[in-house]
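Quick note on the numbering used here: the sequence shown kicks off at 94 and runs consecutively. Built from N, CA and C at the ideal position, the CB exists for glycine as well. Structure first, commentary second.
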Amino acid sequence: MKVMFVCMGNICRSPVAHAVFEYKVKERGLQEFYEVESSGTHGYHVGEDADPRMRKTAGEHGVPFHHSVQKFNAKMLDEYDLVLTMDQANMEDVRFAASGHPNLDRVRMFRTWDPKGSARDSVPDPYYGGDKGFEDVFLMVERTCEALLNELESKRVGK
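Written out as structure tokens, the structure is:
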């Protein structure tokens with residue numbers, strides 16, 4: 094299963110979701126079954142690392158990571174089984190970028206799997222906020238990634 098996480102700049106939300114999901118996959122020894130990546134709908138920071146505040150927060154939770162920002166493109170819908178957006182604007186940007194693509198059904202809202210949220214809920218962008226915003230986003234992403242992996246594993250093992 095190939096999973097792509099998408100936010101606007103690929104510097105806060107999607108790279109931490111990428112890192113957390115990948116960490117959980119490795120923690121369970123499931124690397125052979127999952128490939129994980131992230132991208133942004135805008136190319137403001139292509140080639141840069143993730144926001145240092147997000148990396149610091151993740152590191153404090155035992156999930157250190159480095160990342161190289163990339164921009165989402167329609168070809169990614171051919172390469173990934175699941176493309177998870179962090180908010181409605183990201184969803185609209187992905188659908189616009191891939192307008193008419195036959196695999197648009199692979200695009201879903203990330204918080205669909207959040208036990209404390211719903212498919213309509215966004216992961217708030219912590220970029221302009223303080224440390225608490227980054228902490229809140231990390232915890233939201235962590236619980237959602239756990240639930241997502243549980244569901245994907247249930248389907249994979251149930252095959």
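Report, in whole angstroms, the separation of the C-beta atoms of residue i and residue j, which I expect to be a contact under 8 Å.
i: Thr134; j: Val99; result: 6 Å
i: Met97; j: Asp218; result: The pair is not a contact, with the Cβ atoms about 18 Å apart (cut-off 8 Å).
i: Gln163; j: Asn103; result: 6 Å
i: Phe227; j: His154; result: Rounded, the Cβ-Cβ distance is 11 Å, inconsistent with contact.
In three-state DSSP terms, what is residue i?
i: Ser132; result: strand
i: Cys105; result: coil
i: Leu123; result: coil
i: Val200; result: strand
i: Val118; result: helix
i: Val176; result: strand
i: His138; result: coil
i: Val113; result: helix
Could you spell out where the beta strand (DSSP E) holding residue i opens and where it closes?
i: Phe165; result: Per DSSP, Phe165 belongs to no beta strand (DSSP E) and is neither H nor E.
i: Met94; result: Looking at the DSSP string, Met94 is not in any beta strand (DSSP E), and its letter there is neither H nor E.
Verify whether the separation of the beta carbon atoms of residue i and residue j is less than 8 Å.
i: Ala112; j: Val156; result: yes
i: Phe165; j: Ser132; result: yes
i: Val216; j: Val187; result: no
i: His138; j: Leu170; result: no
i: Arg204; j: Thr237; result: yes
i: Met147; j: Phe126; result: no
i: Asp144; j: Cys105; result: yes
i: Pro108; j: His160; result: yes
Between which two residues does the alpha helix (DSSP H) harbouring residue i extend?
i: Gly226; result: 224-250
i: Pro145; result: 145-153
i: Val156; result: First-last for Val156: undefined, no H or E at that position.
i: Arg188; result: 181-190
Any heavy atom of the ligand GTP closer than 7 Å to the beta-carbon of residue i?
i: Pro195; result: Ligands in the displayed structure: none, and consequently the ligand GTP is not present.
Stretch pair the segment 196-205 + the segment 163-183: three plus CB contacts closer than 8 Å: yes
Sufficient close CB pairs (3 or more, under 8 Å) joining the segment 117-124 to the segment 229-245: yes
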